[in-house]
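Scroll down for the structure; my scribbles are underneath it.
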Amino acid sequence: MPYAVKRTGFYALVVFIVLFSVFPFYYAILTSLKSGTALFRVNYLPVDFSLANYEGVLTNGVFPTNILNSVIVAVVVVAISLFLAVTAAYALSRINFAGRGLLLLTILAVSMFPQIAVLAGLFEMVRWAGVYNTLFSLIFAYMIFTLPFTVWVLTTFMRDLPIEIEEAAIVDGASPFTIVMRVFLPLMWPALVTTGLLAFIAAWNEFLFALTFISNNSTRTVPVAIALLSGASEQEIPWGTIMAASVIVTVPLIVLVLIFQRKIISGLTAGGVKG
Amino acid sequence: MKFRNMALAVAASALMSGGAAKAEELALVAGSIGKDISELRMQLDAFEKETGHTVKLVEMPASTTDQFGQYRLWLSAGNADVDVYRTDVIWAPQLATNFVDLSEAMKDEIPKHNPSIIQSQTVDGKLVAFPMYTDAPALYYRSDLLEKYGKEPPKTWAELTETAKEIQDKEREAGNGQMNGFVFQGAPYEGLTCDALEWVASNGGGQIVSPDGEITINNEKAAAAIDMAKGWVGTIAPEGVLSYKEEEARGVWQTGNAVFMRNWPYAYALSAGDDSAVKGKFDVTPLPAGEGGKSAACLGGWNLAVSKYSEHQEAAIELVKFLGSQEAQKERAMNSSRLPTIPALYEDPEIAEAQPIVAAWGDVVENAVPRPSAATKKQYNEVSKEFWTAVNETLSGRGSAADNLDQLEKRLRRLKRSAWE
Amino acid sequence: MANVQAGVPPTDKALDVERKGARPRSDLSRQRLRSAWLFLAPMLLVLALVAGWPLLKTIWFSLTNASLSDLEGAEFVGLRNYWEYVDYGDGEGEYFGLLFDPQWWNAVYNTVYYSVISVAIETVLGLVFALVLNAEFKGRGFVRAAVLIPWAIPTIVSAKMWAWMMNDQFGILNDMLMAIGIISAPVAWTASPDTAMWAVIIVDVWKTTPFMALLILAGLQMVPGDVYEAAKIDGIHPVKVFWKVTLPLIRPAILVAVIFRALDALRVFDLIYVLTPNNTQTKSMSVFAQENLFQFDKFAYGSAASTLLFLVIAFITLFYIKIARLDLGGRGK
């Protein structure tokens, strides 16, 4: 095969990959900028530029509150799970004790729990605790996936740090807590940012618990709000509004992901694929 | 965990300080279809002005199936954050234990309303929900197109099929490629139970489960009716009708892309609106009948129920009374062609002037066919799911109507075991 | 947690600092041991509350006659939700329970079908993407960023976006395919029984392929460059190099990615719930369970379905741990 053909083929593949990845989101933006009956004409390039849908979704109703709810839940969930995970990861990675292997195994197993398997039990608990239809219920429930994940990744990260960094502190007689706070924490910012971001995204995107534990639209988080977005529109399903809402909640994520691109990739493949 | 005690304390103090005239903050939940929500908001504003209470509106999607799942969940969680639920006519037996008995509070209002609607909302002598409006579907047709091709509004399904096909084909030939003959609700959800019940009942095939609990759906007439509907999909109805609910069907119709539509009266006011492509070009008629049968309209309608977990029950009942009142029903009929549950309003000249469909629909409502929600009690939702699933499968070409109804009968028997409960 | 699991278990490099410590071993290790459990306690408590207890409750509910409106009044009924023979008398009778429920088996079939097909496509596509991203070319950074976009989009949002693109009347997908001439009439992607499952798979492939690609890419980057150099000098055809050298080297990476994705796919809920509501052709095990738990008055039956799904996933997880031969630091006596 001649070089030129191969090269063209390769670049065609690259173009395909980019289009495949970007087009649906591009089309969502395109749709969100249309108004009225323009919605029902298929266009591949922007023709309208109307911000009416954005205005609608941000001023009518409670969508801004939904965004705020999502931010609160995700931030608190990330803060709590990182806090609990840092100390736990220290214990799991740098202290040798009986049952450690089993513990790690359990944590791995929990991270694979299907949410539906705990839904019935959690529902009863939430109801009993009187936190139904509050953000507390979500903050609590989301620990089931963020906590094992953060513990796991931070454990991996801490194991890979060299022995020497801890030695001096131990010799000085520092307590384990001081070691975590003074020695490890400063080294762990990159790992914390990555894990925190991934946990944030997971909490931001969660749907099943939010659908089950929340009733009022002012308490809903973004995914449920979008799924149930009815929009008091007279033109059947308000696709324009839905797309505008979708773009609003996705853009910050995309920006974050693009900024932390490299870190995320290393976080996703935490520990390296060494088998 | 002290949250529970805290909630109790808050509830107790609310009760103690809750004097009659105190301004309360209520929450009402309702599905959003057409302009229901904006209309409701207007009436709530009036209520707020009159009473000093405030009412928050919790919006839900239009699909009654989606709403039901969520409401059942909230109620079983003892959710005190919603005071008033807008409930579908079929829900009363299933949710009865969660709602306050309204018969005492409404005893002056009840006599004004259609007794069979009140009856449908009464479970074990308890008035579970108070009627807000009733519903009985219509066949919408494009009067301009029928005239153009010299057709009469169809009286039977066979006529409808033929007319729809002819007009659709001719319109498409004339360059109107998007034209469809007929749109209805074919998505797997409660709405399809309504549509299919109409086909079956109008063909003499019974009501799925008879009022005394007998499973009657597995019969030839029912199968023939569903087979007929199967014949529409992909010929006079777009294949996408298998995912259409009310609003999707109206979307196609109101952009001028359907000759016929089966829908509820709310679409009348919207189709006549200024931004509608079919304004002034359509009319309604009762649904067609089957061979040798008579037209059957599925009885719908929405009611208002007060949650027994509400901490503001008195104010909530006040709100229900307000929204179900003659004035509110009249306003709703005038603005959005919602059918009143008060027979007197069908004679009202102002309504007849503003929304002719309302005046014309008194008889249709009287003769509407109820879904078997009373007979199947708490299991209605599952019965309905089995039915709409069997019909949707048939429509989408998975098995013949006869086979699927045979299967359906077996499944319903399994559900029922010895008796509906 | 969708798509963000760490791909791989940590390799064990745990320190035994105490051995090198300056102070007497026993004192120090006792202190460290104590703090270890102190450090672990809060996390373990939260996990027990949020995962352990609810799981036990779910299993318990599956053995009762609990209904949503009366959870407290649940009575133990044994395995009746899984398996029950109802005698109608006169020698007639019928089996009931989850294991005899055709709709449950339909959900199992749908879930397995969806998982196998989508994971297979994602693996192949992910491998292609990874190979492309591993090559040197201008604009590689840009492409790598673009590939991350679908992954960052919430599942609900992607379901809605695609639902709109797949709209039968106004959708761009039909428009495109008709323009190219692949289809002659609009297809109702999410409604038609022939395409509903494929609609779900398409969206999942779109959303998850980047994740697969990144995991595989990480594996590719571990392959030492001199392997390729050597192959080049020996004049071995690149395709042969791929099959004989690259693929075996990245096999562990792919395996891990596949298993993680499969576990994720088996519990699919959001996508199906939003894209194709109430559709028998796409109803997954999670959707089946949710429906019984909250939409029908069958809380116990739904709990039984949840429990079975849990068992399936637990079994696969154990299998994974076994084949991945995880060294989880079993040195602690």
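Residue numbers (the UniProt record's numbering), protein chains in the order written: chain R, 1 to 275; chain S, 1 to 421; chain L, 1 to 333. Even for Gly, the Cβ is constructed at its ideal location relative to N, Cα and C.
Since A138(S) contacts D83(S) with CB under 8 Å, what's their CB separation in whole angstroms?
Contact doesn't hold; Cβ gap of about 33 Å is too wide.
What does P24(R) touch in chain L if you count any residue whose Cβ is under 8 Å from its own?
P150, S158, M161, W162, M165, W206
Inter-residue spacing [alpha-carbon to alpha-carbon] between E75(L) and L56(L):
16 Å
Report all residues from its chain with a CB closer than 7 Å to the CB of R338(S); omit the five preceding and five following residues, and keep chain order.
Y133, P265, Y266, R332
Any C-beta of chain L within less than 7 Å: which residues of the segment 67-82 of chain R qualify?
none
Verify the CB distance criterion: does M212(L) have a CB-CB separation below 7 Å to chain R?
no
Please state whether DSSP places F100(L) in a helix, a strand or coil.
helix
Three or more C-beta pairs below 8 Å linking the segment 56-73 of chain S and the segment 344-357 of chain S:
no
Check F23(R) in the structure and name its three-state DSSP category.
helix
From V241(S) to W199(S), what does the alpha carbon distance come to, in whole angstroms?
16 Å
With F209(R) and Y142(R) assumed to form a contact (beta carbons below 8 Å), what rounded beta-carbon distance in angstroms separates them?
7 Å
Pull up the distance between the alpha-carbon of S116(S) and that of I342(S), whole angstroms please.
11 Å
Close beta carbons around W74(S), own chain, < 7 Å, minus the five adjacent residues each side:
V82
Using 7 Å as the threshold, is the C-beta distance between A305(S) and T87(S) below it?
yes
What are the residues that DSSP puts in a beta bridge with S306(L)?
Per DSSP, none; premise fails for S306(L).
From A179(L) to G171(L), what distance separates their C-alpha atoms?
13 Å
How many angstroms separate the CA atom of W162(L) from the CA atom of L253(R)?
19 Å
Return the CA-CA distance between G9(R) and M176(L), expressed in angstroms with no decimal places.
22 Å
Please decide whether Y132(R) counts as near chain S, where near means a Cβ-Cβ distance under 7 Å.
yes
Take V200(L) as the anchor and find which of G52(L), T282(L), T317(L) has the nearest alpha-carbon.
T282(L)
Does DSSP put G121(R) in a helix, a strand or coil?
helix
Using a C-beta to C-beta distance shorter than 7 Å, which residues of chain S count as neighbours of L135(R)?
The premise fails here: L135(R) is roughly 12 Å from chain S at the closest Cβ pair, so nothing lies under 7 Å.
Is G213(S) helix, strand or coil when you go by DSSP?
coil
Closer than 9 Å, Cβ to Cβ, to anything on chain L: give me those residues from the segment 356-385 of chain S, in chain order.
K378, Q379, N381, E382, K385
Pick from Y44(R), S93(R), F25(R), I264(R) that is closest to R159(R), judged by C-alpha positions
S93(R)
Of all the CB atoms in chain S, is at least one closer than 7 Å to the CB of A232(R)?
Its pLDDT being 46, under 50, A232(R) is placed unreliably in this model, and the value from its coordinates should be taken loosely. Interface residue, yes.
Near-chain R residues of the segment 321-333 of chain S - C-beta to any C-beta below 9 Å
none
Determine whether the Cβ of E239(S) lies closer than 7 Å to any Cβ atom of chain L.
yes
Give, in chain order, every unbroken run of the alpha helix (DSSP H) that is at least 4 residues long and sits entirely within the segment 106-160 of chain R.
115-129, 135-159
If you count every other CB in all the chains shown that lies within 10 Å of the CB of F260(R), and 16 or more means buried, which is it?
buried
Taking only beta-carbon positions, decide if R127(R) is within less than 7 Å of chain S.
yes
T241(R) (DSSP reduced to helix, strand or coil):
helix
Measuring CA to CA, which of M181(R), T31(R), A38(R), L13(R) is closest to T255(S)?
A38(R)
Looking at G205(S) and I219(S), is the spacing between their C-beta atoms short of 7 Å?
Going by the sequence as given, residue 219(S) is Asn instead of Ile. Contact: yes.
Whether S35(R) touches A52(R) by CB criterion (7 Å)
yes
Any 3 or more C-beta pairs closer than 8 Å across the segment 76-93 of chain L and the segment 311-319 of chain L:
no
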